[in-house]
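Colleague:
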Amino acid sequence: MLMPKRTKYQKMHRGRMRGVASRGNRLAHGDYGLQAVSRGYVNARQIEAARRVLTHNMRRQGRVWIGIFPDKPITRKPVEVRMGGGKGAVDHWVAIVKPGRMLFEIAGVEDEIARKALLLAMDKLSVRTRLVVREEESLVG
Amino acid sequence: MSDRPSLAAETRSVFGRKVAQLRKQGLVPANLVVPGGDSRALQINEHDIATIIRREGRSGLVELRFSDGKEAALLDEVSVHPVNRRLQHVVFRHVDLDTNVQVGVQLELVGDAPADQTSGRFVVREMDEISIECLPEDIPNVVEVDVSGLSEIGDHIRAKDLTLPEYLVLLGDPDAMVVHVQAERIESEPIEAIGDEDGDGAEGMVAGDEATDDDGDESGES
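Going down the list, the sequences are from chains A and B. Note that our numbering numbers the first sequence so that position 107 is 108, with each residue one more than the last. Note that our numbering numbers the second sequence so that position 89 is 243, with each residue one more than the last.
1. Can you find the residues in the same chain that come closer than 7 angstroms, C-beta to C-beta, to residue 25 (chain A), ignoring five residues on each side of it along the sequence?
2. Is there contact between the stretch 214-233 of chain B and the stretch 166-179 of chain B, where contact requires at least three CB pairs shorter than 8 angstroms?
3. Nearest-angstrom Cα distance between residue 321 (chain B) and residue 184 (chain B)?
4. Does DSSP classify residue 268 (chain B) as helix, strand or coil?
5. Mapping the DSSP letters down to three states, classify residue 47 (chain A) as helix, strand or coil.
6. Is the stretch 301-321 of chain B in contact with the stretch 35-55 of chain A, if contact means three or more CB pairs nearer than 8 angstroms?
7. Span of the alpha helix (DSSP H) holding residue 205 (chain B)?
8. Can you tell me whether residue 18 (chain A) is buried or exposed, with buried defined as 16 or more other CB within 10 angstroms of its CB?
9. Report the residue from B:288, B:312, B:302 and B:271 whose alpha carbon sits nearest the alpha carbon of residue 282 (chain B).
10. Restricting to Cα atoms, I'd like to know which of B:250, B:192 and B:325 is closest to residue 257 (chain B).
11. Taking just the CA atoms, how far does residue 269 (chain B) sit from residue 275 (chain B)?
12. Would you check if the stretch 186-194 of chain B and the stretch 202-209 of chain B touch, i.e. whether three or more CB-CB distances between them fall below 8 angstroms?
13. Distance check for residue 39 (chain A) and residue 121 (chain A), CA to CA, integer angstroms please.
14. Hey, which unbroken runs of the beta strand (DSSP E) at 3 residues or more fall wholly within the stretch 240-319 of chain B?
15. Alpha carbon to alpha carbon, how far is residue 98 (chain A) from residue 330 (chain B)?
16. Using a cut-off of 7 angstroms between C-beta atoms, extract the partners of residue 109 (chain A) located in chain B.
17. Identify which residue in A:46, A:5, A:20 and A:8 has its Cα closest to the Cα of residue 124 (chain A).
18. So is residue 6 (chain A) buried or exposed if we call it buried at 16+ other beta carbons inside 10 Å?
19. Under 7 angstroms, do residue 100 (chain A) and residue 37 (chain A) count as touching if we go by C-beta distance?
20. Report all residues from its chain with a CB closer than 7 angstroms to the CB of residue 193 (chain B); omit the five preceding and five following residues, and keep chain order.
21. Among residues of its own chain, excluding the 5 on either side of residue 214 (chain B), which ones have a beta-carbon nearer than 6 angstroms to its beta-carbon?
22. If we define contact as Cβ-Cβ less than 7 angstroms, is residue 236 (chain B) a contact residue for chain A?
23. So, is the C-beta of residue 47 (chain A) closer than 7 angstroms to a C-beta in chain B?
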């Protein structure tokens with residue numbers, strides 16, 4: 002699974018995730034993509050599950066780009082532990098996803114295969130997404 | 155030029171956050187930038203400008219119609235909301251029709267690449283638009299890139315290889331890669347994440363347990 006190789010600090014505050022994705026919101030590499038339309042955390046396991054679905058359904062053809070990286074540590078206290086005693090240990094890693102963020106991009110497969118793979122990958126993610134196609138992306142309004 | 159798209163524009167008196175009210179009324183805030191002069195705040199009909207952008211692309215020459223006259227302007231910057239795809243703002247640039255301008259024009263791949271028909275390889279586009287210099291009247295909607303000659307892995311087309319009409323001058327790095335043929339990756343290869351300059355991407359980071367059962371700690375590069 003994806004996680005940082007090293008970090009400056011072990012643990013992080015929750016923070017806020019207001020606004021929309023001002024960057025990484027267009028197809029940069031592929032011809033098809035999954036774009037977030039809601040906000041939330043996507044953890045490393047979900048990213049890996051979606052990636053596996055994509056590569057499996059693309060029948061090992063084409064290429065996949067992942068537009069997010071889980072660089073935020075989420076901590077958990079052990080079960081049945083009284084409050085206090087400091088912050089819990091790092092449990093997993095998440096990526097903060099804002100509406101508009103392009104989560105996955107694929108290229109090199111036929112239209113039907115690409116659409117099917119991305120629709121299946123949608124189900125693996127904890128944010129609502131939509132399918133974006135390069136030819137239709139330039140349309141406005 | 156009679157075939158130049160024409161657009162009705164009004165002077166805008168609403169600024170800042172209040173322009174959200176304009177958008178609700180189906181109007182798009184815009185600015186006409188005059189190099190060396192004062193820019194002018196405008197409001198235009200969203201449907202009209204969207205129609206022009208769909209037809210002409212994002213780098214065309216338009217004729218702005220004001221109550222007191224007309225003005226030729228270049229569509230310079232189009233801001234689209236990343237989620238609802240509605241137009242947020244448009245910047246027009248005043249142009250002198252006799253002076254060359256520098257613009258970015260969308261690239262369009264044409265032809266069937268033999269590499270796409272062959273298993274194990276496919277065509278990767280590295281560039282979406284290209285910078286050119288020409289007279290405002292000569293700005294093309296798209297620059298076509300013929301990919302029918304791309305068959306083997308490593309075949310590529312660089313910016314200098316593009317067939318441009320004589321009146322278009324290529325700007326930027328002539329050796330910049332436009333498209334190339336790449337081998338398809340098999341599933342066991344390391345996952346690749348797209349890097350970001352501000353650190354919310356994958357720069358300097360690797361795929362965790364994937365890196366242990368594969369060869370890779372190269373996460374960001376292809």
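The beta-carbon is built from N, C-alpha and C at its ideal position, and this holds for glycine as well.
Modeller: With the given structure in hand:
1. Result list for residue 25 (chain A): 68, 102 and 103, in chain order.
2. The stretch 214-233 of chain B, when compared against the stretch 166-179 of chain B, does not touch it at the 8 angstroms Cβ threshold.
3. Taken atom to atom, the span from the alpha-carbon of residue 321 (chain B) to that of residue 184 (chain B) is near 30 angstroms.
4. Residue 268 (chain B) falls in the helix class under three-state DSSP.
5. Helix.
6. Taking 8 angstroms as the limit for Cβ pairs, the verdict is that the stretch 35-55 of chain A does not touch the stretch 301-321 of chain B.
7. Per DSSP, residue 205 (chain B) belongs to the alpha helix (DSSP H) from 200-210.
8. Under this definition residue 18 (chain A) is an exposed residue.
9. Here the closest residue by C-alpha is B:312.
10. The shortest Cα separation from residue 257 (chain B) among B:250, B:192 and B:325 belongs to B:325.
11. So the alpha carbons of these two residues sit roughly 6 angstroms apart.
12. Flag = no, the stretch 202-209 of chain B and the stretch 186-194 of chain B do not touch.
13. The alpha-carbon of residue 121 (chain A) is positioned some 18 angstroms away from that of residue 39 (chain A).
14. If you keep only unbroken beta strand (DSSP E) runs of at least 3 residues inside the stretch 240-319 of chain B, you get 241-248, 255-264, 275-279, 283-288, 296-300 and 310-312.
15. Straight through space, the alpha carbons of residue 330 (chain B) and residue 98 (chain A) are spaced by roughly 32 angstroms.
16. Result: 276 and 338.
17. Measuring from the Cα of residue 124 (chain A), the nearest candidate turns out to be A:46.
18. A residue is called buried once 16 or more other Cβ atoms fall within 10 Å of its Cβ, and residue 6 (chain A), having fewer, is exposed.
19. Against a cut-off of 7 angstroms, the Cβ pair of residue 37 (chain A) and residue 100 (chain A) comes out as a contact.
20. Counting only residues of its own chain and dropping the five nearest sequence neighbours on each side, residue 193 (chain B) has a CB closer than 7 angstroms to the CB of 185, 186 and 187.
21. If you ignore the 5 residues before and after residue 214 (chain B), its C-beta comes within less than 6 angstroms of the C-beta of 229, all in its own chain and listed in chain order.
22. With 7 angstroms as the cut-off, residue 236 (chain B) counts as an interface residue toward chain A.
23. Residue 47 (chain A) does not count as touching chain B.
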